[in-house]
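Undergrad: First, the structure itself, so that you have it in front of you.
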Amino acid sequence: MQKTNVEAQPRGRPRTFTRETAILNAARLFWRHGYSGTSTRALTAALGLSTSSLYAAFGSKAGLFELAVRTYAERYHSIYQESVAQKDIRDVVESLLIRSVHEFTQPSENHPGCIISSAVMTNSAETLDTQVYIKELQDLDEQMLLARFRKAHREGQIRSGASAPALTKLIQCVWQGLSASANRGADRETLLSTARLAVELVCLRLRSPRRD
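At position 56 of the sequence shown (counting the first as 1) the number is 56 in UniProt numbering, and the numbers step up by one without a gap.
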């Protein structure tokens with residue numbers, strides 16, 4: 001774990017902190033208040049840093065926001081990458097939705113909530129690069145899923161009348177709805193039940209039930 005010695009108080013007293021904890025605490029603030037609603041003063045108080053130490057460690061408020069967004073966005077992206085690698089298309093859908101629910105509902109001590117929504121909604125010119133990054137990553141996730149559905153179609157895992165683009169959009173809408181519900185405080189078991197129902201309904205558009 002990477003550690004950085006920085007100034008904790010205006011007097012210049014050194015303090016050791018972990019970047020991972022600092023990023024998590026910052027992400028929590030950005031998720032609750034958005035980028036514009038989170039002041040540098042609030043960040044320094046939450047992280048236990050002086051303003052100069054914050055800038056020394058992360059470059060700027062915008063730099064810290066981008067780092068926080070990228071950190072958690074990559075976790076979601078990894079779920080997509082690993083899910084589309086499943087051999088059976090049913091397993092792809094189940095893995096993506098179920099694992100995402102578990103990620104959305106991580107305990108607050110090690111997860112800030114879905115900060116991606118804060119990145120998309122912010123209207124600050126300072127965060128344009130971050131917004132572009134999120135859009136590109138989400139587009140990539142969608143394209144990976146679409147390619148996987150098309151592959152399944154070619155392999156006969158999807159009924160000939162089913163639309164790969166429509167299935168992809170459906171899964172994306174379900175994923176976003178689960179994320180939004182988690183942000184509003186829905187509990188894990190409720191979201192897992194919803195995700196499992198979505199998997200069952202999507203599988204109705206696939207081929208005949210899998211034979212074990």
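Glycine residues also receive a C-beta, built at the ideal position from the N, C-alpha and C atoms.
Using DSSP's beta-bridge definition, name the partner residues of THR130.
TA: According to DSSP, THR130 bridges with nothing at all.
Undergrad: Use the C-beta contact count for THR190: other C-beta atoms within 10 angstroms, 16 or more gives buried, fewer gives exposed.
TA: Exposed is the call here.
Undergrad: Smallest Cα separation from LEU49: which of SER181, ALA22 and GLY37?
TA: Closest option to LEU49, Cα to Cα, is ALA22.
Undergrad: Reducing DSSP to helix, strand and coil, say where LEU197 ends up.
TA: In this structure, LEU197 counts as helix in the three-state DSSP scheme.
Undergrad: How many Å lie between ASN183 and TYR76 at the Cα?
TA: Approximately 15 Å, taken between the alpha carbons.
Undergrad: Counting only the same chain and skipping the five closest in sequence on each side, list residues whose C-beta sits under 8 Å from that of VAL199.
TA: Here the set comprises ARG90, VAL93, GLU94, LEU97 and ILE98.
Undergrad: Would GLY59 be called buried (16 or more neighbouring beta carbons within 10 Å of its own) or exposed?
TA: Counting Cβ neighbours within 10 Å, GLY59 comes out exposed, since fewer than 16 surround it.
Undergrad: Run through DSSP, which three-state label would LEU204 get?
TA: Coil at LEU204, not helix or strand.
Undergrad: When burial is assigned at 16 or more other CB atoms within 10 Å of the CB, is GLY37 buried or exposed?
TA: By the 10 Å Cβ count, GLY37 comes out exposed.
Undergrad: By the three-class DSSP mapping on this structure, what secondary structure does THR18 have?
TA: THR18: strand per DSSP, three-state reduction.
Undergrad: Which whole-angstrom value describes the C-beta separation of VAL132 and LEU170, a residue pair presumed to lie in contact below a C-beta threshold of 8 Å?
TA: Actually they do not touch by this definition, with Cβ atoms about 26 Å apart.
Undergrad: My assumption, with CB atoms under 8 Å, is that LEU197 sits in contact with ALA162. Please give the rounded CB distance.
TA: That belief does not hold up - the Cβ atoms of LEU197 and ALA162 are roughly 19 Å apart, past 8 Å.
Undergrad: With a 10 Å radius around its C-beta and 16 neighbouring C-beta atoms as the bar for buried, classify THR40 as buried or exposed.
TA: The residue is exposed, with fewer than 16 neighbouring Cβ atoms inside 10 Å.
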